[in-house]
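In UniProt numbering, the protein residues as written are 1 to 243.
From the three backbone atoms N, C-alpha and C, an ideal C-beta is built for every residue, glycine too.
What you are looking at is a predicted structure, and each value in this text was computed from that prediction instead of being measured.
Written below as structure tokens is the structure these notes are about.
This is the structure in structure tokens:
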């Protein structure tokens, strides 16, 4: 079972920063999950919320700030600035780093609240520019976005991201729309849902698995991956089970 670091090593470091990604890689995890949005001037950036208020010392919406303006704010402010200055990274900055890492990147397209014009195309172009096509999975709560990505690049791996409690007959749904993965929330996930995905050859990557009981359960059910804030703990546990 693969371990994905949720927004990087977000259990210990400021989420969706290059520091969190580098620290996640040091744990030996299999992949990194991150979120992308567009600035006012069309730069693809890595940030979860549509607003910068929660994750930086600034205020405002990503869509209303230029990339230069966004870079002035410190993502480590939520950690008291103990790690120094950690700006919101561009997705290109991440790709330059990731191309030399043995990691899978789960890219969540954040179009569920505000539909960014051209976000799918811009993100896919950067993935191609840095040769990451075989090292990414795209996902989104807005399945229109992942359908658009399949139109643009039929070979790209995509996952249907679902909130709790998920979707009935998810394996059939993903197979019908050529989504290779199903990404359900751990709360409410059942063995029947996992088995249904197995029936259709769909991989199941579960979010956000942050306690041992949940980790043990999804492992027992045969899930393919877990997305966690604590990749070091999860990776060590999975390795111990697979020895």
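For residue 15, same chain residues with a beta-carbon under 6 Å away, outside a window of 5 residues either side, are 7 in chain order. Cβ contact annotation for residue 110 (same chain, cutoff 6 Å, sequence separation greater than five): 35, 37, in chain order. With respect to residue 104, residue 2 sits close: the two C-beta atoms are nearer than 9 Å. One thing to note: residue 188 has its Cβ within 9 Å of the Cβ of residue 166. One thing to note: residue 159 has its Cβ within 9 Å of the Cβ of residue 139. Cβ contact annotation for residue 120 (same chain, cutoff 7 Å, sequence separation greater than five): 109, 145, 148, 149, 152, in chain order.
In this structure, the straight-line span from the alpha carbon of residue 46 to that of residue 204 is close to 24 Å.
Around the beta carbon of residue 89, 16 or more other beta carbons lie within 10 angstroms, which makes this residue buried.
Taking residue 60 as the centre and dropping the five residues before and after it, the same chain places the C-beta of 51, 52, 53 closer than 8 Å to its C-beta, in chain order.
Nearest to residue 78 by alpha-carbon distance, out of 17, 154, 122, 170, is 17. The C-alpha of residue 87 lies about 14 Å from the C-alpha of residue 39. Contact between the segment 62 to 81 and the segment 126 to 138 is absent, with fewer than three C-beta pairs closer than 8 Å. Excluding the 5 residues flanking it on each side, residue 83 has same chain C-beta neighbours closer than 8 Å at 13, 14, 19, 76, in chain order.
Partner residues in the beta bridge of residue 2, as assigned by DSSP, are 225. Residue burial annotation: residue 10 is buried, with at least 16 other C-beta atoms found within 10 angstroms of its C-beta. A check of alpha carbon separations from residue 113 across 49, 218, 233, 221 identifies 49 as the nearest.
At the C-beta level, residue 5 and residue 231 come within 9 Å of one another.
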